[in-house]
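One structure below.
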Amino acid sequence: MKIYFILIFLLMFGCNQSKKNEVKKTREKPSIIKDVKVENEILYKDILVVLKNPENLVKIKHDLKSNNLSINQVVVDNKTYKAVIIKVPADKTSFWIENLKKTNHFSSVEKNTKEALHKVNYFSKNRLVSVLKTPCFGDCPVFEVTFFKDGNVVFLGKEYTLVKGIYKFKLKEQQLKELSNLFEKTAFKDFENAKDSEELQDYSNTFITYNDDKIKVKVWINISDEIAFAYDYIEGILIDENLIE
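Just so we're aligned: 198 in full-length UniProt numbering is position 198 of the sequence shown, and the numbers increase by one with no gaps anywhere.
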């Protein structure tokens, strides 16, 4: 009888031990690890630029493409004023800002921020008239000036001006009204732009932008009285502000 119980005990012990070994073997199965390839993600930053000559847009696009860059978004698309966003690799933002400035394609190049967008939108919506004077063979004043509809004025003196760099001031209410009236009388669309020639290469160019139209004056001969009076009024304001002589 004792032998019978001992046999039953050994049989039960052997079954339990077998089950434990099976569980242990199941737990010891090696896990399968799959290789997952993670590609490096390229981060980009937006650069906001204003085209110096909007008519050169096709050439600018070509030059950007040759540097693996492109225009990502057009912010302002006027005939005489265009602002666009260019995407560049984030780790080379400073590099591209400096290099885009050197191309001479853009009047401004900066990171795309709320402040930068505000400046661009303010300029496009509030500009009344702009004047750009280029160098001549002598000591002609070289400058840019923009008059805004709210009376603000931004002057940039370059050469032969009494003030170099940026100078800001505000027109009196009567000055702003007179300037607006004078330019309303001009016929910009009917004006024939001056053409460059070898005989006139020593003369300064005067570019005047009004109502999204731009004219180029080379020699102030055969110019309509309305345009001449309007420009003379601008020069008078700049002289009174001691910006030019």
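We treat Cβ as the ideally placed atom computed from N, Cα and C, and that holds for glycine.
Which residue from the options puts its Cα closest to that of residue i?
| i | options | result |
| --- | --- | --- |
| residue 150 | 108, 228, 202, 177 | 177 |
| residue 162 | 244, 73, 146 | 244 |
| residue 211 | 138, 189, 137, 202 | 189 |
| residue 168 | 185, 181, 174, 145 | 145 |
| residue 92 | 43, 60, 136, 137 | 43 |
| residue 106 | 140, 59, 131 | 59 |
| residue 61 | 108, 100, 140 | 100 |
| residue 219 | 192, 90, 234, 108 | 192 |
| residue 140 | 125, 126, 160 | 160 |
Do residue i and residue j have their C-beta atoms closer together than 9 Å?
| i | j | result |
| --- | --- | --- |
| residue 208 | residue 215 | yes |
| residue 115 | residue 97 | no |
| residue 63 | residue 112 | no |
| residue 241 | residue 183 | no |
| residue 87 | residue 213 | no |
| residue 153 | residue 170 | yes |
| residue 117 | residue 148 | no |
| residue 225 | residue 138 | no |
| residue 84 | residue 67 | no |
| residue 237 | residue 175 | yes |
How would you label residue i, buried or exposed, when you count the other beta carbons within 10 angstroms and need 16 or more for buried?
| i | result |
| --- | --- |
| residue 48 | buried |
| residue 51 | buried |
| residue 23 | Caution is warranted here: a pLDDT of 46 is assigned to residue 23, below 50, making its placement in the model unreliable, and the coordinate value is therefore given only provisionally. Its Cβ having fewer than 16 others within 10 Å, residue 23 is exposed. |
| residue 122 | exposed |
| residue 231 | buried |
| residue 246 | Outside the displayed span of the chain (1 to 245) sits residue 246, for which this structure offers no information. |
| residue 173 | exposed |
| residue 131 | buried |
| residue 185 | exposed |
| residue 39 | With a pLDDT of only 49 at residue 39, under 50, the local geometry of the prediction cannot be trusted, and no value is derived from it. |
| residue 133 | buried |
| residue 239 | exposed |
What are the boundary residues of the beta strand (DSSP E) that residue i is part of?
| i | result |
| --- | --- |
| residue 155 | 152-159 |
| residue 144 | 142-148 |
| residue 71 | 71-77 |
| residue 108 | 106-111 |
Could you please give the first and the last residue of the uninterrupted alpha helix (DSSP H) stretch that includes residue i?
| i | result |
| --- | --- |
| residue 83 | Run containing residue 83: none in the alpha helix (DSSP H); it sits in the beta strand (DSSP E), 82-89. |
| residue 138 | Premise fails: residue 138 is in no alpha helix (DSSP H) and is neither H nor E. |
| residue 183 | 173-184 |
| residue 93 | 93-102 |
| residue 232 | 225-240 |
Using a Cβ-Cβ cut-off of 8 Å (strictly less than) and excluding sequence neighbours within five positions of residue i, which residues of its own chain qualify?
| i | result |
| --- | --- |
| residue 82 | 50, 51, 54, 57, 74, 76 |
| residue 104 | 52 |
| residue 136 | 202, 203, 204 |
| residue 165 | 156, 157 |
| residue 31 | At residue 31, the pLDDT of 49 sits below 50, so the modelled position is not reliable; the number obtained from the coordinates is stated separately. Around residue 31: no qualifying Cβ. |
| residue 235 | 244 |
Residues in the same chain with beta-carbon distance under 7 Å from residue i, minus the five sequence neighbours each way, listed in chain order, please.
| i | result |
| --- | --- |
| residue 120 | 48, 50, 75, 76, 83 |
| residue 180 | 128 |
| residue 90 | 43, 44, 45 |
Looking only at its own chain, which residues have a Cβ that is under 6 Å from the Cβ of residue i, when we skip the five neighbours before and after it?
| i | result |
| --- | --- |
| residue 108 | 50 |
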